[in-house]
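The opening position of the sequence shown corresponds to residue 83 in our numbering, with each subsequent residue numbered one higher. What follows is one structure encoded as structure tokens, with my remarks underneath.
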Amino acid sequence: MLSQAARSIHISIIGVLLLCISPSSLASEPHHYDNLIQHLQLQYLAEPTAQRAQYLAILQSGSDAEQLEYIDSIQQSVATFWHQKQVPLAYDTLDDSASVIAKNIALEPAVEDYLGVINYLRKLMWLTQTQDWDAIEPGGLLRPGDGHPSIKQINQRLWLLGDGNEYLADEVLYLPALAQSVKRFQSRHGLTSDAVIGPKTLFWLNQTPLQRATLLAKSFVEKTTYLSQLPQPYLLINIPAFQMVLVENNQVVLASKVIVGKSYRQTPVMTGQISNIIINPTWTVPRQLLRQDILPQIQSNGHYFNDRHFDVFDFEGNRVDKTPQQWQQAAVGRFPYRVVQRPGGDNALGRYKFHFNNDQSIYLHDTPSKSLFSRSDRDLSSGCVRIEKVQQLADWFANHLVIDKRTWSRLQNNYTKTQWFALSDTLPVHMVYWRAWVDDEHVAQYRDDIYQLAPVTPVNLLSQKTQPQARVQ
């Protein structure tokens with residue numbers, strides 16, 4: 083007899099193997115429970131349980147009598163999964179007399195990307211079943227024009243993943259056609275599209291289809307759950323995607339690149355309410371940044387405060403003036419001063435600051451360093467979020483929420499006067515951490531785990547594959 087723990091592991095392994103069986107069986111002949119299998123497969127990938135493994139086995143290989151016996155329970159299980167996450171389903175409005183197929187279809191969450199995610203999961207699980215996925219290890223960088231035996235494997239893998247337009251089975255030279263495939267692959271993984279195959283590109287090339295499917299399913303469930311409960315309008319910042327969207331009436335009215343915190347000064351996953359906008363803000367340097375970033379600059383350059391338009395105050399509010407040499411000496415020991423940067427073109431907060439109350443001193447703002455938005459890796463700040471399309475966002479606030487529109491308009495050509503603006507209502511801002519999704523062009527996107535919150539681990543559950551005749555050689 084198996085112990086309870088061993089039985090759970092055994093069922094989990096069977097469940098994963100059943101996930102791999104589904105795409106090929108569906109491809110070979112229509113299945114009466116196609117939709118229900120797809121729903122259950124996504125849920126198992128996102129949150130594997132012994133019961134879901136059992137239900138998959140029944141739907142895919144059980145007898146007709148067994149399937150009829152369990153069909154109501156399986157449908158209810160799929161519905162309960164979404165009910166617990168407060169995601170509405172058309173299933174809830176169906177009459178009991180509705181057909182099994184109608185109920186199965188109605189179990190689909192009413193979100194635009196569901197079918198795209200399902201299609202990708204089917205393909206990824208087919209790849210899991212039919213393809214070996216040995217690690218590609220070229221031993222160094224690969225650039226267009228290089229020759230290397232691993233080029234053949236890279237070419238095959240990109241073709242299987244849908245990034246390659248053609249498959250050159252025996253080619254070991256890095257040709258221009260492969261370079262275009264690599265660029266497409268890099269783009270949808272948030273990497274610099276330079277066709278240079280380095281460690282980050284190899285990391286994603288070596289992620290198995292099952293790892294990809296699991297990450298996509300988990301991210302979809304988390305995103306769908308989160309968005310189903312949001313009142314509109316709202317701002318949403320996906321941290322590892324370095325992306326912000328403003329959503330109003332179920333439409334993205336503004337999308338912008340953003341810069342988020344470094345790995346050791348992380349932008350937190352959090353929710354807040356933007357309550358004020360400051361035009362031409364001053365910047366009071368946080369103590370940690372002062373110690374770690376500013377004071378070392380002063381030690382080597384006593385003119386730094388003056389060159390960067392900083393004012394220094396004691397903690398009673400009196401301005402402090404020193405010579406460059408005196409500032410260099412003061413920066414070495416205890417520094418009992420408050421440092422404030424005046425408004426202007428080089429102010430670290432730029433033109434606008436969007437304020438919301440939180441205990442971590444996080445806010446959204448502009449930046450004078452516009453060139454940083456051209457980078458693919460934009461985890462560069464000290465925790466706050468810098469917005470590329472900050473003027474467009476400010477314009478939206480001015481049109482919808484700013485109360486004193488006359489003063490706002492008057493200050494648009496003034497770059498030195500600091501002014502706080504109250505809003506007629508707050509705007510929710512949500513900072514999330516979603517690493518995979520299917521975009522509006524129906525392309526699967528993946529992003530690095532920049533803060534190592536959920537590192538991808540190798541999956542060793544699959545001990546066998548079926549249909550080897552379908553493998554690409």
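Cβ coordinates follow ideal geometry from the N, Cα and C atoms, glycine included.
Among the options, which residue has its Cα nearest to the Cα of residue i?
| i | options | result |
| --- | --- | --- |
| K167 | F438, I359, L312 and N481 | L312 |
| L273 | F397, D228 and R457 | R457 |
| S382 | A413, N495 and H165 | A413 |
| I360 | Q379, A180, L446 and G280 | L446 |
| W164 | L462, S145 and K305 | K305 |
| E124 | I200, N439 and Q213 | Just to set this straight, residue 124 is Leu in the shown sequence, not Glu. Measuring from the Cα of L124, the nearest candidate turns out to be I200. |
| P170 | S443, A526 and E190 | E190 |
| D486 | F392, I319 and S506 | S506 |
| L250 | R492, K265 and P231 | P231 |
| V525 | A504, T449, S269 and R420 | S269 |
| W478 | P315, T366, W409 and F392 | P315 |
| A277 | Q136, S451 and P226 | P226 |
| N320 | A299, Y386, K471 and P350 | P350 |
| Q501 | L127, T364 and E194 | T364 |
| A192 | V303, G343 and R239 | V303 |
| M352 | V367, R424 and D441 | D441 |
| H271 | L298, L257 and Y256 | L298 |
In the DSSP assignment, find the unbroken beta strand (DSSP E) run with residue i in it and report its ends.
| i | result |
| --- | --- |
| H320 | Correcting the residue identity first, residue 320 is Asn in this sequence and not His. N320 -> beta strand (DSSP E) spans Y316 to N320. |
| P281 | Not the beta strand (DSSP E): P281 falls in the alpha helix (DSSP H), residues P281 to L287. |
| F395 | F392 to F395 |
| P510 | Q501 to V514 |
| H437 | Y434 to F438 |
| S382 | Counting along the chain, S382 falls outside any beta strand (DSSP E), though it belongs to the alpha helix (DSSP H) covering L377 to S382. |
| L462 | D461 to S463 |
| I218 | Per DSSP, I218 belongs to no beta strand (DSSP E) and is neither H nor E. |
| Q325 | Q325 to E330 |
| S357 | M352 to I361 |
Compute the distance between the beta-carbons of residue i and residue j, then report whether it is under 8 Å.
| i | j | result |
| --- | --- | --- |
| V514 | G198 | no |
| L483 | L509 | yes |
| G246 | R347 | no |
| R134 | L118 | no |
| L209 | P291 | yes |
| K185 | Y173 | yes |
| V340 | R460 | yes |
| G426 | Y533 | no |
| V511 | G354 | yes |
| D115 | Y137 | Inspection of the sequence shows that residue 115 is occupied by Tyr rather than by Asp. No; because the gap between Cβ atoms is not below 8 Å, this pair is not in contact. |
| L242 | S263 | no |
Mind reading off the beta-carbon distance from residue i to residue j? Whole number of angstroms is fine, and I expect it under 8 Å.
| i | j | result |
| --- | --- | --- |
| S326 | S338 | The sequence as given places Met at residue 326; Ser does not occur at that position. About 5 Å; that satisfies the 8 Å criterion. |
| E294 | L371 | Just to set this straight, residue 294 is Arg in the shown sequence, not Glu. With 8 Å as the limit, R294 and L371 do not qualify as a contact, their Cβ atoms being about 38 Å apart. |
| S357 | F438 | 6 Å |
| I233 | E248 | Not quite, the Cβ-Cβ distance comes to about 14 Å (not below 8 Å), so this is no contact. |
| I279 | L223 | 7 Å |
Starting from residue i, trace the alpha helix (DSSP H) both ways and give me its first and last residue.
| i | result |
| --- | --- |
| G343 | Here G343 belongs to no alpha helix (DSSP H); instead the beta strand (DSSP E) covers Q333 to G343. |
| I187 | V182 to A188 |
| A132 | A132 to S143 |
| Q423 | Premise fails: Q423 lies in the beta strand (DSSP E), R420 to Q423, not in any alpha helix (DSSP H). |
| L122 | D116 to A128 |
| N237 | S232 to L243 |
| V278 | It is not in any alpha helix (DSSP H) - V278 carries neither H nor E in the DSSP assignment. |
| G198 | Y196 to T212 |
| I153 | D146 to H165 |
Pairing CB atoms from the segment 396 to 404 with CB atoms from the segment 424 to 435, are three or more of them under 8 Å? no
Tell me whether the segment 210 to 218 and the segment 278 to 289 touch, counting them as touching only if at least three CB pairs, one residue from each stretch, are closer than 8 Å. yes
Would you check if there are 3 or more beta carbon pairs closer than 8 Å linking the segment 326 to 336 to the segment 144 to 162? no
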